[in-house]
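Undergrad:
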Amino acid sequence: MAEEVAASTKEFQKALKLKDLEIANLKEKIALMELEVGQSQKQQAQRAKENLEIQALKTQSEGILTKAKAMIFENTKVIKNQELQIEALSQQNESLKDVVKITKDLLEIRNMEVTQLEEKINCMEGRLKADKDRQTLLHTKLETMIRHNGDLKREYEAQLCLFNALRERYSERELARGVLDDARRDVQQARVEQNGVEPPVPQPEQNGEQPQ
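The sequence shown runs contiguously to residue 212 in UniProt numbering.
(1) Find the nearest neighbour of A190 within the set R134, G178, I109, Q13, judged by alpha-carbon distance.
(2) Determine, using beta-carbon pairs with one atom in the region 168-188 and one in the region 119-134, whether at least three such pairs fall under 8 Å.
(3) When the cut-off is 8 Å and only beta carbons count, does M112 lie next to chain D?
(4) When the distance is taken between beta carbons, is F163 closer than 8 Å to Q135?
(5) Is it right to say L65 is buried, meaning 16 or more other beta carbons lie within 10 angstroms of its own, or is it exposed?
(6) On the CB-based measure, 16 or more other CB atoms within 10 Å of its CB, does L142 come out buried or exposed?
(7) So, under 8 Å CB-CB, Q159 and L137 are touching, yes? Tell me the CB distance rounded to an integer number of Å.
(8) When the Cα of E168 is compared with those of E94, R147, D131, which residue comes out closest?
(9) Throw me the rounded Cβ distance for the V100 and Q194 pair, which I believe falls under 8 Å.
(10) Beta-carbon separation of L117 and L180 under 8 Å?
(11) Who are the near neighbours of E209 in its chain, counting only those whose CB is closer than 8 Å to its CB and skipping five residues on each side?
(12) Which same chain residues end up closer than 7 Å to E125 when comparing Cβ atoms and leaving out the 5 residues on each side of it in sequence?
(13) Nearest-angstrom Cα distance between S95 and R185?
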């Protein structure tokens, strides 16, 4: 009976030792699991922190991208406006070229008209001078004849009337010369408006001849 009790005791002790070993193993496993859980929590915290940083970087990147898009849009608008301004300036430049060409053509026409008017006035002046010379010679002859013959007085008066009429024609010539001077000033003013150069002040033509 004692042997059975001893054997049971040994068996119980042996089983107890096995249980102690199992408990120790479980404790080690629990400690290892706790360590793994702690590391897992640290990793989760690290990942959460990284996720927050990633989210912050994403938000920041989205903000930068939005600003970049806005800047690109504004720059595109500025470039488009500049292109429109350049196109408008090009059209204006072409229009100014057309205006300059038309102005040059008008100046050429005006110069031709002035030249023709000068030729007509010169021709008129030549005729008036010739008429004046003839009338002066006739007047001299009439004065000589009047001194010798009183009957020629009436003829002299008639010639004097004719001479007065020629004097009026001479005045008309002076008026035409004034018209020519005005035309010259108009041409010079047109050249000033085209070239931006101040025109010389036209001097009136001097004529030493005075009507008698």
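By construction, the Cβ of each residue, glycine as well, lies at the ideal position given by its N, Cα and C atoms.
TA: Result, derived from the coordinates:
(1) A190 has its Cα closest to that of I109, out of R134, G178, I109, Q13.
(2) yes
(3) Looking for chain D here will not work: only one protein chain is present.
(4) yes
(5) The residue is exposed, with fewer than 16 neighbouring Cβ atoms inside 10 Å.
(6) With a 10 Å radius around the Cβ and a threshold of 16 neighbouring Cβ atoms, L142 comes out buried.
(7) Not confirmed; about 11 Å, so no contact.
(8) D131
(9) With a Cβ gap of about 7 Å, V100 and Q194 count as contacting.
(10) yes
(11) Bear in mind that the predicted position of E209 carries a pLDDT of just 43, short of 50, making it unreliable; the figure below should be weighed with that in mind. Cβ neighbours of E209 beyond the five flanking positions: K129, K132.
(12) R173
(13) 27 Å
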